[in-house]
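J.:
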Amino acid sequence: MFSCEGGQHPETKPQSAMQAVHDYAGRGGRVFMSHWHNIWIGGEKTKPSHGLADWESIATFDFNAAQNETTQLTFVDETAPKGASFATWLQNVGASPIRDQLQINDPRFTCQSVTAGKAERWVYVDPTQSTPLGKTGVQDMLFTTPQDQTPDNRCGKVVFSDMHVSADSSSKSGTPYPGGCSSQPLSAQEKALAFIFFDIASCVGILQ
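The working numbering puts the first residue of the sequence shown at 2, with every later residue one more than the last.
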């Protein structure tokens with residue numbers, strides 16, 4: 002699990018580390034990464050050669066996109082294999098008062114789109130209903146690995162989330178657990194990520 006570090010920090014991710022994560026996922030590993038850990042998929046923003054060639058084609062990133070600190074209406078993509086189940090679950094736990102709609106806080110917009118056939122878009126921003134209008138973004142997406150195999154022969158899974166959560170919590174090193182944790186109820190986006198956390202451990206392959 003790779004939590005956002007406030008920047009890509011390529012100095013801590015040499016090419017050997019990039020390849021190790023790639024190979025771990027390709028051998029059946031599960032990887033969850035958020036926001037600036039987009040480096041593992043999209044490569045280093047100022048040095049495109051520092052990346053993973055077969056992962057860079059999975060999604061399109063805009064590393065210079067303005068980061069909206071307000072609330073944002075997002076939508077669940079029910080065309081994804083588990084999209085309908087995801088949408089139903091969000092309704093059942095009270096995260097989506099209206100089916101397929103998810104109101105989130107602290108969205109980020111580095112992930113602009115995913116490549117059809119390579120990744121699944123789970124939560125996205127509709128530019129006709131964004132704040133401000135015209136913004137696009139994929140807030141949650143996943144892909145299976147290794148990418149050079151057919152979907153039914155893959156065994157690993159990578160999830161990328163461009164949304165931030167737990168704004169009420171703090172992660173100061175001097176605060177003993179669970180002192181830095183929020184005691185507030187889960188937000189809508191935290192409930193969405195709870196579903197994704199459980200799903201990341203599920204079997205990989207074509208859903209029947």
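We treat Cβ as the ideally placed atom computed from N, Cα and C, and that holds for glycine.
(1) So, at 6 angstroms on beta carbons, what are the nonlocal neighbours of Gly180 in its own chain, with the 5 sequence-adjacent residues on each side left out?
(2) Along the chain, which unbroken stretches of the alpha helix (DSSP H) at least 4 residues long are found entirely within the segment 22-60?
(3) I believe Lys83 touches Asp200 by the beta-carbon criterion, under 8 angstroms. Please report the beta-carbon distance rounded to the nearest angstrom.
(4) Helix, strand or coil, according to DSSP, for Gln132 in the structure here?
(5) Nearest-angstrom Cα distance between Ala195 and His51?
(6) Tell me the DSSP bridge mates of Ile105?
(7) Are Val166 and Ser184 touching if we call contact CB-CB under 8 angstroms?
(8) How many angstroms separate the CA atom of Gln209 from the CA atom of Arg31?
(9) What is the rounded straight-line gap between the Cα of Phe62 and the Cα of Ala202?
(10) Can you tell me the Cα-Cα spacing of Arg100 and Val124, whole angstroms?
T.: Let me spell this out:
(1) Taken in chain order, the list of residues that qualify is empty.
(2) 40-43, 54-57
(3) 7 angstroms
(4) Per the sequence shown, the amino acid found at residue 132 is Thr instead of Gln. DSSP places Thr132 in coil when its eight states are reduced to three.
(5) 32 angstroms
(6) Gln73
(7) no
(8) Low confidence applies to Gln209: its pLDDT is 36, below 50, so where it sits in the model is not reliable enough to give any reading.
(9) 26 angstroms
(10) 13 angstroms
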